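Q: Numbering-wise (numbering that gives the first Met the number 0), the sequence shown opens with residue 0 and increments by one.
Positions of the beta carbon are idealized from the N, C-alpha and C atoms, including for glycine.
These numbers were taken from a predicted model, which means no experiment stands behind them.
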Amino acid sequence: MNLRLLLVDDQEEILEGLRMAFKRTDYELFTAPSGEQAVQVLNSEKIDIVLTDLRMEGLDGMGVLRHATSLPEPPVVIILTAYGTIENAVEALKEGAWHYLTKPVNVKELRILVEKAAEHCNLVQENRNLREQVSRRFGMDGMVGETAEMQRIYEQVRLIAPTRANVLLLGESGTGKEVLAKALHHASPRARKPFVAVHCAALPETLLESELFGHERGAFTGAVSRRQGRFEMAHGGTIFLDEIGEVPLSMQVKLLRVLEAREIQRVGGTETITVDVRILAATNRDLAEDVQDGRFREDLYYRLNVVSITLPPLRQRKGDIPVLARHFLEELARENHREVPEVSREALDVLTKYHWPGNIRELSNVLENTFVFLRGNVLTPEDLPRSMFKPETDTGGGLHFPLGLSLEEVETEYLRRTLDHCEGNRTRAAEMLKISRRTLQRRLKELGVEAG
Ligand SMILES: Nc1ncnc2c1ncn2[C@@H]1O[C@H](COP(=O)(O)OP(=O)(O)OP(=O)(O)O)[C@@H](O)[C@H]1O
Ligand SMILES: [Mg+2]
């Protein structure tokens with residue numbers, strides 16, 4: 000489609016001159032002999048580039064510029080100005096003009112400038128298209144997914160992000176807790192301040208403390224210089240404490256103090272430093288259970304869990320599998336400079352039926368492996384790993400009970416297997432068994448089943 004160029008000048012000869020300059024080009028031309036008429040054209044036509052004189056009777060070039068920049072898809076504006084009125088031109092640039100040119104105009108120069116403006120327009124348009132595509136696919140800041148389950152998550156993020164409430168992010172491994180933490184940060188008023196993630200499980204206790212709070216020079220062997228901790232780095236922004244359930248009890252006390260007083264002390268230091276940090280914490284453990292079992296401090300739990308968001312496992316939002324698969328394949332194709340493969344209907348069927356214990360991370364890994372070895376440009380079931388073809392109910396081995404067992408023995412074994420399957424998570428096990436967590440606890444105790 001040809002770009003649309005609007006020429007504005009209240010001097011008839013000059014307007015005609017401009018028209019002549021662009022007559023033999025591909026632009027679709029519009030002219031206006033006054034600022035007022037320029038506004039009318041801008042309101043009725045989608046103009047890409049405006050070339051306007053600055054000084055005109057009535058509404059002047061600045062007026063045209065202001066109107067143009069207020070449009071939802073503003074055109075590129077070039078200002079024509081008489082020699083000696085450069086200050087006005089500079090003023091116009093501040094108001095959003097793209098460029099200016101002094102009169103008398105050199106036609107060649109003018110054409111080159113408009114050509115550049117056209118390139119700029121095309122770029123802006125491409126980006127606009129891309130953004131629309133992406134924002135349609137991404138429900139929110141890097142999160143792909145359109146199912147009702149994900150819409151609910153986005154809704155919660157929208158409500159919670161503007162507040163400074165601490166948020167506990169729950170969900171199985173690979174469901175996107177870290178992605179969600181970033182989305183929360185970016186949707187919050189702290190978006191321009193740092194987002195600092197700490198993987199609490201990765202560090203031994205002493206290192207974790209200096210990682211979080213920093214240390215003074217000489218605080219311990221190897222502390223050769225003062226070091227800022229993560230809380231200080233996150234000042235004004237958000238800190239993400241990943242795998243919070245793995246933090247040892249002694250560190251939990253120290254964290255609680257920060258949450259309550261919003262103050263820290265560097266290891267080996269005496270100075271008290273005030274920090275303004277929003278805290279997001281994540282875990283795939285059953286923290287409520289850890290609290291009951293004395294592995295996690297109750298007071299800290301309540302401080303962290305002002306609000307919680309639980310990400311659903313992928314098997315509970317299978318509707319997102321096609322768009323997620325497409326998204327990962329597009330990414331892989333881009334990184335590897337290859338074409339995006341099509342996914343056959345049968346392959347999509349396999350992907351959708353599989354129960355994805357490792358959730359989105361597993362999907363991403365499976366597709367990466369598949370992509371690397373893919374021949375041709377269609378992904379078929381033969382390309383997918385064999386392990387994906389096991390029926391969902393078979394969670395390894397199947398259950399075989401020889402006749403003659405007591406009901407209690409069967410129940411004991413069944414509870415054990417269910418707990419194993421849920422990696423010891425009693426809340427999930429209770430859900431699977433369709434009984435309350437309390438009932439499950441009681442039965443486990445009665446039957447003398449060891450805690451997993
Ligand atoms: N909604 C999503 N859209 C696109 N990619 C996603 C989405 N959610 C997660 N991912 C991707 O899946 C992978 C796992 O996500 P993430 O690391 O956030 O999971 P997690 O819940 O923190 O897992 P873990 O508990 O194992 O740390 C990442 O590669 C991430 O980019
Ligand atoms: Mg994680």
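When we look at the beta-carbon of E204 and count the other beta-carbons within 10 Å, is it buried (16 or more) or exposed?
A: Exposed.
Q: Between the Cα of L248 and those of G170, L6, E297, N368, spot the shortest distance and give me the residue it belongs to.
A: The option with the nearest alpha carbon to L248 is E297.
Q: Are the CB atoms of G213 and R265 nearer to each other than 8 Å?
A: Contact flag set, yes.
Q: Can V178 be considered in contact with ligand 1, in the sense that its beta carbon sits closer than 7 Å to one or more heavy atoms?
A: Indeed, a heavy atom of ligand 1 lies less than 7 Å from the Cβ.
Q: Helix, strand or coil for T438? Go by DSSP, reduced to three states.
A: Helix at T438.
Q: Measure the alpha-carbon distance for D9 versus R23 and round it to whole angstroms.
A: Computed Cα separation, rounded: 23 Å.
Q: How would you call A429, buried or exposed, if buried means at least 16 neighbouring beta carbons within 10 angstroms?
A: It is buried - the Cβ of A429 has at least 16 other Cβ atoms within 10 Å.
Q: What number of angstroms, rounded off, separates the C-alpha of P74 from the C-alpha of N1?
A: Their Cα atoms are separated by approximately 14 Å.
Q: I'd like the list of long-range same chain contacts for V448, defined as Cβ closer than 7 Å, with 5 residues on each side in sequence excluded.
A: These residues qualify, in order along the chain: T411, L414, R415.
Q: Got a sec? Which residues, its chain only, sit under 7 Å from A180 by beta carbon, not counting five neighbours each side?
A: Counting only Cβ-Cβ distances below 7 Å, and skipping sequence neighbours, we find L168, F239, L279, A281.
Q: If we count the other Cβ atoms within 10 Å of its Cβ and call it buried at 16 or more, is L310 buried or exposed?
A: It counts as buried.
Q: From A88 to I78, what distance separates their C-alpha atoms?
A: Answer to the nearest angstrom: the Cα atoms are 7 Å apart.
Q: Only counting the same chain, and skipping five residues up and downstream in sequence, which positions put a Cβ closer than 6 Å to that of E391?
A: Residue placement at E391 is flagged as unreliable, the pLDDT there being 48, under the threshold of 50; a coordinate-derived value is accordingly withheld.
Q: Are the beta-carbon atoms of R110 and E44 separated by less than 8 Å?
A: It is not a contact, given that the beta carbons lie outside the stated cut-off.
Q: Determine the contact status of T80 and L53, defining contact as a CB-CB distance below 8 Å.
A: Yes. Within cutoff.
Q: Could you check what DSSP says for G213 in three-state terms: helix, strand or coil?
A: G213 falls in the strand class under three-state DSSP.
Q: Within its chain, find whatever has a CB closer than 8 Å to the CB of R500; leave out the 5 residues flanking it on each side and keep chain order.
A: Because the chain is modelled from 0 through 451, residue 500 falls outside the range shown and cannot be assessed.
Q: L398: buried (16+ other C-beta within 10 angstroms of its C-beta) or exposed?
A: It is exposed - the Cβ of L398 has fewer than 16 other Cβ atoms within 10 Å.
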